[in-house]
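These notes are about the structure you will find just below.
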């Protein structure tokens, strides 16, 4: 009887240590993903919509009507002083600003 109880206790201990090790691996993967996201953001020339707007306004005068995130950066609609609306693209990776 004592042997059976001892074996059951040992099995419970191994099971709890195994689940703790699994949690550590999950935490490591989460930390790795977070670090990769931070590294990607550091590599980009433009990291936010506000930064994209500031870059566009340095090159083009007018009132910003909207900012949209696109696949490779940002698209900004601007109303110039002559009443014309035009779009400007800001590439997030290179920081290149171009009028569409």
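Residue numbers (this note's numbering): 4 to 103. From the three backbone atoms N, C-alpha and C, an ideal C-beta is built for every residue, glycine too. From a predicted model like this one, the values you see are computed outputs, not experimental measurements.
Looking at residue 100: is its Cβ nearer than 8 Å to the Cβ of residue 59? Counted from its first residue, the chain shown places residue 100 at position 97. Counted from its first residue, the chain shown places residue 59 at position 56. Yes, these two residues count as a Cβ contact at 8 Å.
Using the C-alpha atoms, what's the distance from residue 31 back to residue 90? To locate residue 90, count along the chain shown from 1; it is residue 87. To locate residue 31, count along the chain shown from 1; it is residue 28. One C-alpha to the other measures close to 43 Å.
Pick from 102, 28, 34: whose alpha carbon is nearest that of residue 83? Here residue 83 refers to the residue found at position 80 when the chain shown is read from its first residue. It is 102 whose Cα lies nearest to the Cα of residue 83.
Taking the Cβ atom as the reference point for each residue, do residue 76 and residue 94 lie within a distance shorter than 8 Å? Here residue 76 is taken as the residue at index 73 of the chain shown, counted from 1. Here residue 94 is taken as the residue at index 91 of the chain shown, counted from 1. Contact flag set, yes.
With DSSP as the reference, label residue 94 as helix, strand or coil. Sequence index remark: in the chain shown, residue 94 carries index 91 (1-based). Note: residue 94 maps to strand in three-state DSSP.
CB-CB under 6 Å to residue 46, same chain, minus the five flanking residues each way: which ones, in chain order? Taking the chain shown and counting its residues from 1, one reaches residue 46 at position 43. Taken in chain order, the list of residues that qualify is empty.
Using the three-state DSSP reduction, which class does residue 72 fall into: helix, strand or coil? Translated into the one-based positions of the chain shown, residue 72 becomes position 69. In the structure shown, residue 72 sits in a strand (DSSP, three-state: E or B).
In angstroms, rounded to a whole number, what distance separates the CA positions of residue 3 and residue 70? Here the chain comprises residues numbered 4 to 103, so residue 3 is not present and cannot be evaluated.
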